[in-house]
Amino acid sequence: MRWGRWARWGFTLIPVLGLAELGGHVYASHRAPRFDDWAAVRAPVEALKQPGDLVVVAPPWADPLARRALGDALMPLRDAARPDESRYPAAVEISILGQHADELAGFREVARQERGKFLVRRLENPAATRVAFDFVEGLRPARVDVRGTEPPLTCPWNPSARVVAGGLGGHPTFPAARFECPGGVFFNVGVTVIPDQHFRPRRCIWSHPFARGEIITRFHGVPLGQVIRGHSGMSWFVERERKGAPVTLTVRVNGDEIGRATHRDGDGWAAFEMPLGAHAGATEAQVEFAVSARDYQHRHFCFEADSR
Amino acid sequence: MTQPPRSPWVDRAIAAALALGFVALLLGTAGDLGYARDEGFYFNAADRYAAWFQLLASDPRAAVAPRAVDAAWSVNHEHPAFIKSLFALSSHYLHKKLGLFAMPGTSYRFPAMVLSGLGVALVYLWGAAARGRVAGLVAAALFAMMPRYFYQAHLACFDAPVVTVWMLCAYCYWRSLRDGGTLWPLLCGLTFGIALNTKHNSWFLPIVCGAHAAALELRALITREDHEEPRRRALAALGAMALIGPPVLIATWPWIWRDTFARLREYALFHLQHDYYNMEFLGVTYWTPPMPRTYAPVMTAATVPTITLVLAALGLLSAARTRLGFPLVSLAARLGLGDSIAWVRSRIARPRRPPADPAATELLWFLGIAAIYAAWLSPKTPIFGGTKHWMTAYPFLALFAGTAFAAIARRAAIALRRAGRDTVRAHLGRGPLPVLLLAAAVIAAPVVETLHAHPFALSAYTPLVGGAPGAATLGLNRTFWGYTTGSVVDYLNAEVPQRGTVYIHDTLWPSWEMLIRDGRLRRDIRGVGTVAGADFALYHHEQHMLDQAYQAWVALGTTRPAHVGGLDGVPVVLVYRATRLPPAARPTPDGQPP
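So the protein lines, in turn, are chains Z and R. Residue numbering for the first sequence follows the working numbering, beginning at -5 and increasing consecutively. Residue numbering for the second sequence follows the working numbering, beginning at 157 and increasing consecutively.
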């Protein structure tokens, strides 16, 4: 009987399954490129990448391997911890395992090279916007001063301050070059990197509020576009418990308040955009970012902004 | 089918060989395995306990003085003392006195390795006793070759030991039911006490054994079998657990010699109200309830070899078909539902009485799995331990798998013999070759997966989810406990300048220091607790710890890892090198300057 014969020999499925798993293991364990294989992406990336292009890796877990192979010149901190992709005219995507970067979904492929297990593509951003001024890049003493309002105080620039990092569960690194305010190491203004709600890196200007009043970071001689656009956030560890007070970021241009963004715990890396109105297109404006909170405890506030 | 009588000495010899072989394998592979975070705590505790044991040997009266007891045993008192006491004795006597180990760290780990070897042996003995040698052997092999268990079996921790002790207590309970007498109930009580003094997983033992005894009562009620003797045996075992277990716990854990109830309460509350740590699952880091209910089954499917799970499922289904059919049909008949289940009876259930098994073996194995996994149905049960917290269920999975394998091997032999009286196939069916070939086909993948995963077993996943790369893409946890520092010591030894500093990230200080004591890490390399000012920074990847990499980027001035360790192309541990340091003496493997 046909069914009986199948039943009699049905046991063969088990060794077949065992050997199939063995084959699956061999396949899965050899599927991704080895660490040193990543050196092969340098040539296609250098060939495809143009100045201002972003380099993105898919899947994201392979990002450190690309950074190791390409170095800071091709994958600088500015790009690795970018606020978003909107400013980049194009991106070079390094793809393995058939994965593609979600953040480049709307980009158009204009070139590609395959190299072993790697697919390297150049993708153009159809909606790239030109940035007139990047406030994170512009945080330099030549153009910036920092002060507090209650009581009035100034925060001098220190190009060689003691680097401080919070370690496990602690605050982000406070870099050597920063504006240092009285009252403790947390009260400083400098460029650092925080983890957002998805633990992605976000490069931003650390601006912990004071107990009272505002901490104001003022930029001089800023060329303006049509809006001031940016993001604010805190290390996700700090805001995920949703116990802290809201933090308000007030933006003033030449003394005129153009908008406020209030960051509430749980918002994560949150975008804001403020039209510049009559100040739009100014070639040399004074822009202030004032940060305040009614309760300053554990307000590890950080923001980035540009004018476009 | 009547089985020929077997010599118990052969089984004992096989069990001993399995235990020795497994311990030898663990010892042989321990040298490149870094120290897990929790091991660091237990090294420290073991050293304090060792000092107390020395005092006990030299001045017993002083040792049992409350101040001396508390000074030693209050250390790490959130966990019981038995296994750490073994770590202490092994380190003191086997390493410091006898010099048996090349590395001191191995001496702390050795008791857990031995207990793990005994666990493999016990799976064999139980499987062989219940379902024959083939079942026992395959069960033992499949149990030993679970990548995560193999990793845990190396460690100076409690997770692998409690698997053995838990199973040993269940085995003694089973023997009490099967054999009767007084020895096995006494051993059941004794091993329950040891289990209590091993880890709090032991709290599930009375639940499992009690549920088993209750189920036997229910079965007897339904089938109207004479149940007097099984009931007496079960009560003897349960009574021994209740009467002997707690005194053994108290006697062997000096910290609870004083303020016993208050301290036991503190111990229990520590675990019942345990902090929630972070754990990534499918791309989301869970850190507070509700925890995902699918965590335990998905992680089991993703980390235990698939062939093992399939065989276990077949064994479980087969047992259910054999054992449940008769009681259910009897119950239906008693309820007057006989006619309405005629179709079911003809298709599924076997109306005939199953073979006698006063110990209800498969039911006990099933409860050993179900009770453990049931804990993770609660969204309040923490998931931070990965798979290790339900490992006590794994021996029973393996036993079901071994049982299924033995049945399949029998079918194979029968099928071959029926193929023709004088054919080659029939001849094969009468010899051991089919069983050996089948076993090889079944065990090959678990063996290869397990050995291949070492020393990155917490990063290892089965082909079902695409292996380590597939799991990384799915967002399954890649590592925890900071133990992969052991995989980058060669790089650090070669590249860190004299008296250079390394941020050790998730590696606990005693775990880092043990690498130095072992001679695996240069003595002049200084571990530091912050990336600020460090020459090198380690980063052990966990999603919620990515901020540690970002801290290193800013502090060291680079996003470029100088060195990567990991599995199958998936980065697990990264080493960042400060840009202010001179270039490495040797080029990186890709030929680029560092």
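No residue lacks a Cβ here, since even glycine has one placed at the ideal position from N, Cα and C.
* Those runs of the alpha helix (DSSP H) which lie wholly inside the segment 188 to 262 of chain Z and span at least 4 residues -> Counting only runs of 4 or more, we get 230 to 233.
* Own chain, CB closer than 7 Å to GLU518 (chain R), minus 5 neighbours either side, in chain order -> Closer than 7 Å at Cβ, skipping near neighbours: ALA475 and ARG479.
* Asked: What does ILE463 (chain R) touch in chain Z if you count any residue whose Cβ is under 7 Å from its own?
  -> At a beta-carbon threshold of 7 Å, the residues of chain Z lying near ILE463 (chain R) are LEU11, GLY12 and GLU15, ordered along the chain.
* **Per DSSP, the bridge partner or partners of MET435 (chain R)** => MET435 (chain R) pairs with R:TYR442.
* To do: Throw me the rounded Cβ distance for the VAL364 (chain R) and GLY524 (chain R) pair, which I believe falls under 8 Å.
  => With a beta-carbon spacing of about 6 Å, VAL364 (chain R) and GLY524 (chain R) fall inside the 8 Å limit used to define contacts.
* Please determine if the segment 590 to 599 of chain R and the segment 312 to 324 of chain R are in contact, where contact requires at least 3 C-beta pairs separated by less than 8 Å. => Judged by Cβ distances under 8 Å, the segment 590 to 599 of chain R makes no contact with the segment 312 to 324 of chain R, as fewer than three pairs qualify.
* Asked: With 16 as the cutoff for other CB atoms within 10 Å, does GLU651 (chain R) come out buried or exposed?
  -> Buried, by the Cβ-count rule.
* With a cut-off of 9 Å, does the C-beta of ARG634 (chain R) fall near any C-beta of chain Z? -> Yes, contact with chain Z.
* Taking THR714 (chain R) as the query, report the chain Z residues whose CB atoms sit under 7 Å from its CB, ordered along the chain. => The contacting residues are ASP66.
* Considering only C-alpha positions, which residue in the set R:ASN200, R:THR464 and R:ALA531 is nearest to ASN357 (chain R)? -> In terms of Cα proximity to ASN357 (chain R), the closest of R:ASN200, R:THR464 and R:ALA531 is R:ALA531.
* Should THR148 (chain Z) be flagged as near chain R, meaning a C-beta pair shorter than 9 Å? -> For THR148 (chain Z), the closest Cβ of chain R is not nearer than 9 Å.
* Compare the C-beta of TYR249 (chain R) against all C-beta atoms of chain Z and say whether one is closer than 9 Å. => Taking Cβ atoms only, chain Z never reaches closer than 9 Å to TYR249 (chain R), which makes this a no.
* Asked: What three-state label does DSSP hand PHE561 (chain R) in the structure shown?
  -> Correct three-state label for PHE561 (chain R): helix.
* Asked: Out of Z:HIS192, Z:PRO9, Z:THR186 and Z:PRO166, which has the shortest C-alpha to C-alpha gap to GLY262 (chain Z)?
  -> Nearest C-alpha to GLY262 (chain Z): Z:HIS192.
* Asked: Identify the residues that DSSP records as bridge partners of ILE88 (chain Z): which are they?
  -> In DSSP, ILE88 (chain Z) forms a bridge with Z:VAL51 and Z:VAL114.
* To do: With a 10 Å radius around its C-beta and 16 neighbouring C-beta atoms as the bar for buried, classify ARG742 (chain R) as buried or exposed.
  => Interpretation of ARG742 (chain R) is limited by its pLDDT of 48, a score under 50 that renders its predicted location unreliable; no figure is taken from the coordinates.
* Rank R:GLY273, R:ARG331, R:CYS325 and R:LEU281 by C-alpha distance to the C-alpha of TYR305 (chain R) and give the top, closest one. => Taking each of R:GLY273, R:ARG331, R:CYS325 and R:LEU281 in turn and checking the Cα distance to TYR305 (chain R), the smallest one comes out for R:GLY273.
* To do: Using a Cβ cut-off of 7 Å, pull out every chain R residue sitting near PRO45 (chain Z), in sequence order please.
  => Taking the beta carbon of PRO45 (chain Z) as reference, no residue of chain R falls within 7 Å; the closest one sits roughly 19 Å away.
* Kindly indicate if chain R contains any beta-carbon less than 9 Å away from that of LEU259 (chain Z). => Here residue 259 (chain Z) turns out to be Asp, not Leu, going by the sequence shown. Chain R places no beta carbon closer than 9 Å to that of ASP259 (chain Z), leaving this residue out of the contacts.
* Report the three-state DSSP secondary structure of GLY395 (chain R) (helix, strand or coil). => Looking at GLY395 (chain R) - three-state DSSP - the assignment turns out to be helix.
* Asked: Any C-beta of chain R sitting closer than 9 Å to the C-beta of HIS202 (chain Z)?
  -> Output row for HIS202 (chain Z): interface = no.
* **Any C-beta of chain R under 9 Å from that of LYS237 (chain Z)** => Not a single CB atom of chain R sits nearer than 9 Å to the CB of LYS237 (chain Z).
* Nearest neighbour of ARG223 (chain Z), chosen from Z:ASN182, Z:ARG81 and Z:GLU87 [CA to CA] -> Check the Cα spacing between ARG223 (chain Z) and each of Z:ASN182, Z:ARG81 and Z:GLU87: the tightest is with Z:ARG81.
* For TYR732 (chain R), does the count of other Cβ atoms within 10 angstroms reach 16, so buried, or fall short, so exposed? -> By the neighbour-count rule (16 or more Cβ atoms within 10 Å), TYR732 (chain R) is buried.
* To do: Grab me the residues of LEU467 (chain R)'s own chain with a C-beta within less than 6 Å of its C-beta, minus the 5 sequence neighbours each way, in chain order.
  => Excluding sequence neighbours, LEU467 (chain R) sits near ALA557, ALA560 and PHE561.
* In whole angstroms, what is the alpha-carbon distance linking VAL658 (chain R) and HIS697 (chain R)? -> Take the alpha-carbon of VAL658 (chain R) and the one of HIS697 (chain R): they are about 17 Å apart.
* By the criterion of Cβ-Cβ separation under 8 Å, what are the contact partners of SER229 (chain Z) in chain R? -> Here the neighbours are ASP703.
* Would you say VAL157 (chain Z) faces chain R, with C-beta separation under 9 Å as the test? -> So yes, VAL157 (chain Z) belongs to the interface.
* To do: Compare the Cα-Cα distances from TRP200 (chain Z) to each of Z:GLY227, Z:VAL125 and Z:VAL39 and report the closest residue.
  => The candidate whose alpha carbon is nearest that of TRP200 (chain Z) is Z:GLY227.
* To do: Find the nearest neighbour of VAL166 (chain R) within the set R:ALA277, R:ARG581, R:ALA206 and R:ASP335, judged by alpha-carbon distance.
  => Nearest of R:ALA277, R:ARG581, R:ALA206 and R:ASP335 to VAL166 (chain R), Cα basis: R:ALA277.
* Asked: Start and end of the alpha helix (DSSP H) containing ASP335 (chain R)?
  -> Note, ASP335 (chain R): alpha helix (DSSP H), 315 to 335.
* To do: Output the boundary residues of the alpha helix (DSSP H) element that contains ASP194 (chain R).
  => Secondary structure note for ASP194 (chain R): its alpha helix (DSSP H) is the uninterrupted segment 193 to 214.
* **CYS365 (chain R): first and last residue of the uninterrupted alpha helix (DSSP H) it sits in** => DSSP places CYS365 (chain R) in the uninterrupted alpha helix (DSSP H) bounded by 360 to 379.
* **Contact with chain Z by ASP691 (chain R), beta-carbon distance below 9 Å** => Closer than 9 Å: no.
* Examine the ligand ADP and report whether any of its heavy atoms sits within less than 8 Å of the Cβ of TRP409 (chain R). => This structure lacks the ligand ADP; in fact it carries no ligand of any kind.
* Candidates Z:ALA85, Z:SER89, Z:ARG109 and Z:ARG25, of which the one nearest PHE101 (chain Z) by Cα -> Nearest option by C-alpha distance: Z:ALA85.
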